[in-house]
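Trainee: Can you read through this structure? Questions will come right after.
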Amino acid sequence: MAFDIEMIKGVYSTMAERVDKAREVVGKPLTLSEKILYNHLWDKTPTKAFVRGKDYVDFAPDRIACQDATAQMALLQFMQAGKPKVAVPTTVHCDHLIQAKEGAAKDLKQANSVSSEVFNFLESVSNKYGIGFWKPGAGIIHQVVLENYAFPGGMMIGTDSHTVNAGGLGMVAIGVGGADAVDVMAGMAWELKFPKLIGVKLTGKLSGWTAPKDVILKVAEILTVKGGTGAIVEYFGPGATSMSCTGKGTICNMGAEIGATTSTFGYDESMERYLKATDRVDVAEAANKVKDYLTADPEVYANPEQYFDQVIEINLSELTPLLNGPFTPDLSTPAGSEMTKKATDNDWPLKVEWGLIGSCTNSSYEDLSRASSIAQQALDKKLKTKAEFGINPGSEQVRYTAERDGILKVFEDLDATIFTNACGPCIGQWARYSDPKNAPKNSIVHSFNRNFAKRADGNPNTHAFVASPELTAAIAISGKLDFNPLTDKLINEDGEEVMFDEPTGWELPPKGFEVKENGYLAPKEDGSNVDVVVASDSERLQLLTPFEPLGDSITGAKLLIKAFGKCTTDHISMAGPWLRFRGHLDNIANNTLIGAVNAFNKKTNFVKNQLTGDYGGVPDVQRAYKAEGIKTVVVGDHNYGEGSSREHAAMQPRHLGVAAVIVKSFARIHETNLKKQGMLGLTFDNESDYDLIQEDDTFNFLDLNEFAPDKQLTLEVVHADGSKDTIKLNHTYNEAQIDWYKEGSALNLIKKQNA
Ligand code: F3S
């Protein structure tokens, strides 16, 4: 059902030729990351060496994975492409829209009732277009991908930032926005700036209480939340090969927390064991045949400083269990007395109220078994747990096997709540309080990846600390944030002093994995007769209609807003409660630019309607222009559209009738997204022309009929007093992108080409 061995063999079949050629053009031995990248060039055979951190390169990923929140708009867009099937293997995973409240059975039932229309939509689109569908409760996207689809040397993209988890199986796996995923689904290339490379050499061996989680918590401390930006982190050395495959997944997963493009490990025996245990002997055998291409050239690891842009070395034998937080994943504190001091100095509550184990980061069989060994000791040593326990297994396969092997029973005997195999508390889907905004200050410990304020339970006063599953379990049982299981004693029910022994566990289930109903639905071979149903009165979903081309003559356009200062994708399309409308363009468009600061009055969501002279919210004023058939222009400052790759930030203004966005400079992804939606994304030739723009301005594009690559456009700015300024605008559209503009959007063009 799941993986496609022929596709994987195809990837391996080109490795020798392309990697050898790449080595020749680069002129030196190659890292693993380079081997994977050069084997996935859209143009196939490498002909030149790319400059890291500079060159934009077209790639051909092998797979795509989407989660239920981001898949909605991605699939709505894909439906516009007029393709009968997705061009590369794709899966959809229902994991984000399930709240954690009372436990798996009740919570799943509730989610299936509250979000049934979204799940049904995703299921029917998947069935129609050849996409594998993982039902609610089947598991968390990244654990399911690791168990079923990831393979050494592969390249995948996914519409979730922790797609990088698949690096644990030696992939280059990267989180992207929906628009990028749609391109690849529709058979187009995927563009990425050739990443820089950070090498992390792991020496020594993990033992006792230290776990793979501590490796990435240490790396986060060293590199901070920004240190990996624009880079692939490649782990190597004896410490790397001594770790389990799922442990490597944990490390790669949290590469997102240091801003890394992705992280990866060379193919080794732990990966072979994992592939075999997850029913993929043929993948392991195929990988074994190209082993040398699935790790760096020997010279690289012998002299890493020569080949990586930065090298870090960590001795695993010296590593101690860490707790990172609160509110940021790079603030490291060793368990124990240092935490006592820091918590006291900073007024962090020392009493721990919850210990949460699971999420896409740490929900493998190994994680659950090691944490349960601590829970079992609590039972054996007559310790009563002081904090509450919550467990989110990563997949139904892990859950079923853990239940069969008595692991879940141990947690249940400690009164733990077993939540659905889904994201739950990891993504704020934790119904912990009725009024989270006014909930009390408290501390929790979890084995997840992110711990920003409000991330878990919506309570800004929850201090969340990230730790390994085994340390999370020990701290939850002790109820103390500064508990050090290596040195501290606890008093049991009989009044005796007891200590924990070191955690133990299994890398893989001794009796093998087992599952009854894994929650996977294969798509129909021929989906042409499958109907995709979206209710016309739905609040959450709306089928898209193709955008009309804006044409080669735009005159009389009005200024919608001149944004002042920072204007990120969050300012353009806010998240929070609006996420509910991600699949409904018209409804979510009611948040368009409501966070942008109006340069004329320094207020947000308060702009002049030139037709009436009144002031109103940006979406309302824009809708008033649209009703009169008047196009509009948005003007912005530097780095306009920075932040996430969210395509809504381009689609919403387009939907509401904005024709052009003219700024001092763009964040590149947003600029591309505007182009894809058939809009004009332009920059001032003379930055100070930004100052010429007045609140009542009207715009005439004088030479849009001559729109061509490398040719400036001319804009006439007509002010309220009748005076005019004529200014030059730059653009970065190439021929193909100008065709997107002419057709109304990139998808319109694809559809036309398919017709
Ligand atoms: Fe993401 Fe957490 Fe789910 S990191 S995939 S929200 S478990």
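Position in the sequence shown counted from 1, then plus 22, gives you our numbering.
Built from N, CA and C at the ideal position, the CB exists for glycine as well.
1) Measuring straight from C-alpha to C-alpha, what distance separates F603 and T181?
2) Which same chain residues end up closer than 7 Å to W762 when comparing Cβ atoms and leaving out the 5 residues on each side of it in sequence?
3) Under the DSSP definition of a beta bridge, which residues are partnered with F586?
4) Around the Cβ of L633, are there at least 16 other Cβ atoms within 10 angstroms (buried) or fewer (exposed)?
5) What three-state label does DSSP hand M37 in the structure shown?
6) Could you please give the first and the last residue of the uninterrupted beta strand (DSSP E) stretch that includes M177?
7) Could you check if M23 is buried or exposed, using at least 16 other CB atoms within 10 Å of its CB as the buried criterion?
8) From which residue to which residue does the beta strand (DSSP E) around P356 run?
9) Taking C-beta to C-beta, are L582 and Y662 nearer than 9 Å?
10) Shortest alpha-carbon distance to F433 belongs to which of I652, N187, G269, A400?
11) How long is the line joining the alpha carbons of V222 and T494, rounded to whole angstroms?
12) In the DSSP output, which residue or residues are listed as bridge partners for K750?
13) Once you ignore the five residues that flank M521 on each side, which residues in its own chain have a CB closer than 6 Å to its CB?
14) Using 10 angstroms around the beta-carbon of A324, count the other beta-carbons present and answer buried if the total reaches 16, otherwise exposed.
15) For the beta strand (DSSP E) that C88 lies in, which residues bound it at each end?
16) Can you tell me whether E279 is buried or exposed? The criterion is at least 16 other CB atoms within 10 Å of its CB, across all chains shown.
17) Would you mind working out which of L98, I273, A262, H62 sits nearest I179, comparing C-alpha positions?
18) With a threshold of 8 Å (Cβ to nearest heavy atom), would T383 be considered close to the ligand F3S?
19) In its own chain, which residues sit with a C-beta less than 6 Å from the C-beta of H753, not counting the 5 before and 5 after it?
20) Can you grab the Cα-Cα spacing for the pair E757 / Y296, in whole Å?
21) Report the CB separation of P356 from N471 in whole angstroms; it is logged as a contact under 8 Å.
22) Could you give the distance in angstroms between the alpha-carbon of K624 and the alpha-carbon of G617?
23) Just checking I162 against the ligand F3S - is the residue's beta carbon closer than 8 Å to any of the ligand's heavy atoms?
24) Taking the DSSP output, what are the residues bridged to Y171?
25) Less than 8 Å between the CB of D182 and some heavy atom of the ligand F3S, yes or no?
26) Return yes when at least one heavy atom of the ligand F3S lies under 8 Å from the C-beta of R472, else no.
27) Can the beta-carbon of G190 be found closer than 9 Å to that of C274?
28) Identify the continuous beta strand (DSSP E) that holds K215 and give its terminal residues.
29) Give a yes or no on whether the C-beta atoms belonging to G541 and A133 are separated by under 9 Å.
30) Between the alpha carbons of A4 and L601, how many angstroms are there, rounded?
31) Can you check which of these residues, G446, K408, N460, N631, is closest to S786 by C-alpha distance?
32) Please name the residue, chosen from T654, F72, H670, that lies closest to D592 on a Cα-to-Cα basis.
33) Check for me: the alpha helix (DSSP H) holding D80 runs from which residue to which?
34) By Cβ distance, which residues of its chain are closer than 6 Å to F622, with the 5 residues on each side in sequence left out?
35) Would you call the region 368-388 and the region 518-533 in contact, with 3 or more CB pairs under 8 Å?
36) If we call anything under 9 Å between Cβ atoms a contact, is H791 one with F487?
Mentor: So, from the listed chains and residues:
1) 17 Å
2) K697, K698, G700, A768, L771
3) Paired residue(s): none; F586 is not in a bridge.
4) exposed
5) Helix at M37.
6) 177-180
7) Because M23 carries a pLDDT of 44, less than 50, the predicted location of this residue cannot be relied on, and the following value inherits that uncertainty. M23 should be labelled exposed.
8) 354-356
9) Y662 sits away from L582, with the two beta carbons spaced by 9 Å or more.
10) A400
11) Straight-line Cα distance between these residues: approximately 26 Å.
12) T736
13) K511
14) exposed
15) 85-89
16) buried
17) H62
18) True, at least one ligand heavy atom lies under 8 Å from that Cβ.
19) L704
20) 46 Å
21) Between N471 and P356 the Cβ distance is about 20 Å, and since that is not below 8 Å, they are no contact.
22) 11 Å
23) yes
24) Paired residues: none, contrary to the question.
25) Yes.
26) yes
27) yes
28) 212-215
29) no
30) Residue 4 cannot be examined here, being either before or after the span of the chain that is shown, 23 to 777.
31) What the structure shows of the chain is the stretch from 23 to 777, and residue 786 is not part of that stretch, so it cannot be assessed.
32) H670
33) Run containing D80: none in the alpha helix (DSSP H); it sits in the beta strand (DSSP E), 78-81.
34) Only E717 meet the Cβ criterion.
35) The region 368-388 vs the region 518-533: in contact.
36) This structure cannot speak to residue 791, because the chain is shown only from 23 to 777.
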